[in-house]
């Protein structure tokens with residue numbers, strides 16, 4: 006991959022990383038608020054018969070946090086591949102990953118064929 010494209014994808018990945026970190030921080034604040042609500046003496050897990058229980062909300066937020074961790078790991082690996090010169094090369098078959106795929110999914114480590122096969 007040439008330097009121009011490497012710089013383009015490095016910037017895309019950094020922007021995506023910033024967005025994920027921002028969402029993760031916001032989710033962490035929501036988890037903190039929920040923890041406070043769960044520990045409050047007046048907290049009732051069935052606070053709203055039409056809405057999600059506190060336990061369901063806790064599970065949802067914890068799941069989103071775990072997904073953010075997975076995404077951050079994928080982004081960091083992609084940035085490392087840019088640094089070591091292997092970015093854009095499929096881990097499966099060794100062929101170049103099309104730029105169009107990388108623009109849609111910049112942390113992709115496999116071409117569509119290999120990703121579909123696994």
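Residue numbers (this note's numbering): 6 to 123. Cβ coordinates follow ideal geometry from the N, Cα and C atoms, glycine included.
Reference residue i; option with closest CA among the options
i	options	result
residue 119	103, 98, 38, 112	98
residue 4	11, 107, 36, 20	This structure leaves residue 4 out entirely; the chain is present only between 6 and 123.
residue 17	114, 116, 109	109
residue 107	123, 90, 89, 83	83
residue 15	121, 111, 123, 122	111
residue 19	122, 78, 69, 39	78
Inter-residue Cα distance where the pair is residue i and residue j
i	j	result
residue 102	residue 92	9 Å
residue 81	residue 12	15 Å
residue 46	residue 116	Its pLDDT being 48, under 50, residue 46 is placed unreliably by the model, and the measurement read from it follows with that caveat. For residue 46 and residue 116, the distance between alpha carbons rounds to 53 Å.
residue 105	residue 58	42 Å
residue 28	residue 21	11 Å
residue 62	residue 94	40 Å
residue 76	residue 26	10 Å
residue 7	residue 34	41 Å
Beta-bridge partners of residue i, as assigned by DSSP
i	result
residue 94	101
Integer Cβ distance of residue i from residue j, believed to fall under 8 Å
i	j	result
residue 96	residue 114	5 Å
Cβ of residue i within 7 Å of any chain D Cβ
i	result
residue 16	This model lacks chain D altogether; it includes just one protein chain.
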